[in-house]
Structure formats: C-alpha cells, structure tokens
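All residue numbers for the sequence shown refer to my numbering, where the first residue is 764 and numbers rise by one. Presented below is the structure to which this report refers.
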Amino acid sequence: MKILATVLCVGCFAGSFAEAGSVADEAKTIRIIIDADTANEIDDFYAIVRGLLAPEFRVEGLCSATFGRNPPASNIRASQQFNEEILAHLGLSETVPAPMGSATPMPDKRTPVDSPAARHIIKCAHAGGPGNKLWVIATGQCTNLASALLIDPAIKDKVVFAFIDGDFKNGRWGPGIYNWKNDIHAVQAIFESDVEYFHMPAPSVSGQLKMAKADAEKHLKGRGGIHDYLLNRWNTFRPEQKLWTMWDIALVEAILWPDMATAKTAGAPIVRGVREVEQSPDNPRRVTVWVDIDEKRMLDDFWRVLDQHAVKNDEKAQTDKEMLQGTWEYVSAIRDGKPYMPPIGVRITFVGDDITRKIGEKTHKHKFKVYPNGKPRRISLIEMKDGKQEVSTGIYSLEGDTLTWCFNLPGKPIPETLTSNEGDDLTLCVLKRVRPEKE
C-alpha cells in the first residue's frame, strides 16, 4: 500500500490533489502533522478532532501555532495546552507528538524562526520522499511551515503545504483577512518557493461552511469526553453565537474527500505586502486552489464521524461502568500528600448510574459517569445541591479488582496523574472489590 505523508498545521495546509483524490477511493493512508493556532477561535478544535479521527490519516504530530501580528507568549502556550488536552481526550497523548511552534511570526521572508514544531516537520518530511509526501496543513499562521522549508530546503520535494486565508475569487487573488496579514512574510516565503502547494481561500470558499450551535448541541451535548469538550469550547468562547464559520473543517474535508471540493491550477500571486497582491496568471510558479466546496456534505461527514465516535465511547463507558458495579473497600488513601485512612468500615457501592458511600449510619449518594477513552480515564460525580448540579471530576485506573481513584474538590482543576502531593489538595485512593461472599 502506498503511504502518503501529510502534515496538518493550523494555519497552513498542503497536499497533492491528485494523490488526495485516491485516498478515499483506494483506501490509502495519508501521513499527517497538524499544526494549529488552536487557542484562536472555535473551528480549530473541531477541525483537529476531525483529522485525528480520520482512519485515512496517519497523524504524526499536532504542532501549536501562534496568532496575531505581535502575539504575546501566552498565545502559543494556550494553543499548546489545548492541543495536549485534545490528544488526552482522544487517548492519543502517548502516540501523537505535540511539539510547540514559534511564539512569533517570521520577521522577514528569508529569516526562519526555529522551533520544535519546525524541526518536527523536517524530521517527518525526511522519513518520506517524492513518492511518499508529507502533507502540511495550516489552519492558522504558517511560520512553522515556512521556517521548516527555509531551515532545510531539502524537504521541498518531500512535502505538500496547504494554507487557509487569502482570497481567490473569479480568478483573482485577494489579500487575507487574518492569518495572511498577520504572517505575511511566511506567506511570501511559501508562494516564492517551489514546494507543492494547495490553497483554501477565505472568505469566499471556506467561509461557506457554517455550523449551527443547535446542531453542535444535538450531536455533542452530554456525550462525554471529546464531545462535551468541543461544545464547552463554544460555550466558553462565544456562548451567544448561534452560527459559526468552520473555516478549518473545510480544509480537512477537502483533503479527505476531494469530490466535496472543486480545485483548479493557477499562477501564484506576487505578494508585495499585506494589502498589495499582484495578479500573475502566467506565473510559472503553479499552485492548486480550491474554488468551491460542498459545505452540506462536509458537515454531514463531520457529524457522521463524531456520532460514530460517540457510539464507540458509549460502548467503552458501558464496559467500565459494568466493571465498577458492586461494593469496594479502601486499601489506602493519601490526601494533600499525606497518608490517611477513612473510618473503618467505609465502603462505596456502584449500582447502575449511582454511587453510594456509606460511613456508619450515614449514606451519601451521587450519580456517576465514566469517560474511559482518554488517558487517564475520567470519572465524574454529580450531585444536586440547593437545586444546582455540582460536578466533581477525577481520574481513575481499573485493573481487575483494584480501583485507583484521584479526585479534587468540585470546581477545582481535574488531576492529571494518579498522585497526591503536598499542597495540591488532591486525594488519591486505592480500593479493592468486595466479593459477594464477603458482603
């Protein structure tokens, strides 16, 4: 089986359209790296997840990109954190590298900005070759891509770049609306290179793909894991927005399913500046441009994949939920880094969706829900207090008759590891199953 290499970068997107056309038809695998300015908006989250869930892609990395013309260092850190959270929710933290990108755009079109992300692109590119290209997709600023090319020009024939932003309408190039103008030197470097390049125009083409929040709630709400995580991004970033342009999904879907997009070959523009674009239809530097998309089919495909993933999650959750059923007693416990033992005879019992903790004559009852797809697996306790739902989410491991559980107080950060150290306010418990004959 021929394997195509693909790098997905939030801010840049690349690939060979002819080769991409064979992905769905001939079940070939595209090697990809995703480089994303994830903290910038909402659509990056959704596009990244779509790419990571695609069996047609072999994801070799999720790089972070910054955003803005003079971005603070916090921008790249935020994108990096979100990337790591997405991978954790999908259980991919140990299999998909997440190198950090440049904190700043390129200062000019000839000066790269070195970063772990740029080096990762170079490394992955050299793992392939002209017949085994690495697709590099950017949905945000493309400094990581351009820098990789400038640092090591030898990757030119081993990668395909793709970028979203910079319009192309009625055969004419237009200036960009965000990524292009904030990372103009990287844009110039890519257009003036010989790297194979695909362009997703904004706003005329990718801007056609709009998602209704009502649909997001229908497909995501209450389904746990990555589904609730995606909806939470919308609710915390722009909760009042009922319709969102999913620019970046258009890019991923166009590569996955070429029949959902119309492409043509054109002469690359001469980019003089942020607002100065010279038309050059006879330019020997040829690039591929998507000029239209079938936005309805793209959205249908997106929801098809997310719904299928939810079913798989439900099956895994049901398995863990069934394994938890019954009574458990404490073996050991650590709170705030210090060992302690709950009162003798304290047990917890899982029955259906309920968890009951009995201490002497007192009984505390909660609802619980498990999310076993992430690493580590998560468990939430839900309790109604004064008419309001209070949720406490912890992490757990379940090995036979041993349950290890780490949790924090409601509203506090979710633990990242099964540990409890002084000052972190976490509680770590180890419990053993009580067999029926012992009950």
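Beta carbons are placed, not taken as given, at the ideal position from N, Cα and C, and that holds for glycine.
Output needed for residue i: all residues of its chain with C-beta closer than 6 Å, excluding positions within five of it in sequence on either side, in chain order.
i	result
Ala1024	Ala1017, Trp1053, Ile1056
Arg1120	Ile1111, His1127
Tyr1134	Gly987, Gly988, Arg1141
Met974	Trp1007, Met1009
Trp943	Asp928, Gly929, Val950
Arg1060	Met1023
Thr1087	The sequence given here places Leu at residue 1087; Thr does not occur at that position. Result list for Leu1087: Phe1113, in chain order.
Val1197	Thr1090, Glu1092
Lys1084	Val1133
Ile1097	Ser1183, Leu1191
Glu750	This structure gives no information on residue 750, because the portion of the chain shown stretches from 764 to 1202.
Check whether the Cβ atoms of residue i and residue j sit closer than 8 Å, and answer yes or no.
i	j	result
Leu1014	Ile927	yes
Ser856	Ser865	no
Gly1089	Phe1065	no
Thr792	Arg813	no
Ala828	Asp798	yes
Thr906	Ala810	no
Thr1167	Leu1189	no
Gly854	Gly1137	yes
Lys981	Gln1004	no
Val876	Ile796	no
Please report the distance separating the alpha-carbon of residue i from that of residue j.
i	j	result
Asn933	Thr1051	15 Å
Leu897	Glu823	10 Å
Asn838	Asp807	14 Å
Lys919	Gly1036	24 Å
Ser1160	Asp978	34 Å
Pro1199	Gly1163	15 Å
Trp936	Glu1078	49 Å
Ser910	Thr874	8 Å
Phe1131	Ser1155	10 Å
Lys1027	Lys886	30 Å
Leu994	Gly1108	41 Å
Ser1183	Ser969	47 Å
Lys1195	Glu1092	6 Å
Glu1041	Ile940	17 Å
Ala890	His1129	51 Å
Cys1169	Lys1175	13 Å
Asp1187	Pro1139	18 Å
Trp967	Ile805	According to the sequence as given, residue 967 is Ser; it is not Trp. Spanning the two alpha carbons is a distance of roughly 19 Å.
Asn1171	Lys921	48 Å
Thr1012	Asn1046	Note on identity: in this sequence residue 1012 is Ile, with Thr being the wrong assignment. So the alpha carbons of these two residues sit roughly 30 Å apart.
Gln1071	Thr858	21 Å
Glu1058	Pro1021	12 Å
Arg1048	Trp997	40 Å
Thr1204	Pro1173	The question about residue 1204 has no answer here: the residues shown for the chain are numbered 764 through 1202.
Gly1150	Thr1165	35 Å
Gly892	Lys1075	35 Å
Cys852	Ala1080	Note that residue 852 is His in the sequence shown, not Cys. Using only the alpha carbons, I get a separation of about 14 Å.
Trp1148	Ala841	As written in the sequence, residue 1148 is Lys, which differs from the Trp given in the question. About 33 Å.
Arg794	Thr1082	32 Å
Is residue i close to chain C? Criterion is C-beta to C-beta, closer than 8 Å.
i	result
Arg1038	The chain inventory of the structure shown lacks chain C, comprising one protein chain alone.
Got a sec? Which residues, its chain only, sit under 8 Å from residue i by beta carbon, not counting five neighbours each side?
i	result
Glu848	Tyr992
Tyr960	Ala777, Val923, Phe924, Ala925, Phe926, Ile953, Phe954, Ala1031, Val1050, Thr1051
Glu1185	Asp1099, Gly1100, Lys1101
Ser1095	Pro1102, Met1104, Cys1192, Val1193
Pro860	Glu823, Gly824, Leu825, His883
Phe931	Gly937, His962, Pro964, Ser967, Val968, Ala1029, Val1052, Val1054
Arg1001	Ile805, Trp1007
Tell me, to the nearest whole angstrom, how far the beta carbon of residue i is from that of residue j; I am working on the premise that it is less than 8 Å.
i	j	result
Thr801	Asn833	Actually they do not touch by this definition, with Cβ atoms about 19 Å apart.
Leu972	Met1009	5 Å
Gln904	Asp946	4 Å
Leu1019	Glu819	6 Å
Leu1144	Ile1118	7 Å
Met863	Gln843	5 Å
Val1068	Leu816	5 Å
His948	Pro868	7 Å
Arg1038	Pro916	With a Cβ gap of about 29 Å, Arg1038 and Pro916 do not count as contacting.
Leu913	Val958	Wrong, their Cβ atoms sit about 11 Å apart, outside the cutoff.
Between which residues of its own chain and residue i is the CB-CB distance below 7 Å, once the five residues before and five after are set aside?
i	result
Ala1073	Arg986, His990
Ile1033	Glu1041, Ser1043
Asn803	Phe830, Gly903
Glu1179	none
(message) At 3 residues or longer, what runs of the beta strand (DSSP E) sit wholly inside the segment 984-1039?
(response) Whole beta strand (DSSP E) segments, 3+ residues: 1006-1008, 1024-1030.
(message) I'd like the ranges of any beta strand (DSSP E) spanning at least 3 consecutive residues and lying wholly in the segment 1088-1151.
(response) Those beta strand (DSSP E) runs which fall completely within the segment 1088-1151 and span 3+ residues are 1089-1098, 1110-1114, 1117-1122, 1125-1134, 1140-1148.
(request) Write down every uninterrupted run of the beta strand (DSSP E) in the segment 863-948 whose length is 3 residues or greater and which is fully enclosed by it, in chain order. (result) Here the runs fully enclosed are 897-901, 922-927.
(message) Please give the ranges of any alpha helix (DSSP H) in the segment 778-860, keeping only runs that are unbroken, at least 4 residues long and fully inside the region.
(response) 780-789, 806-815, 836-852
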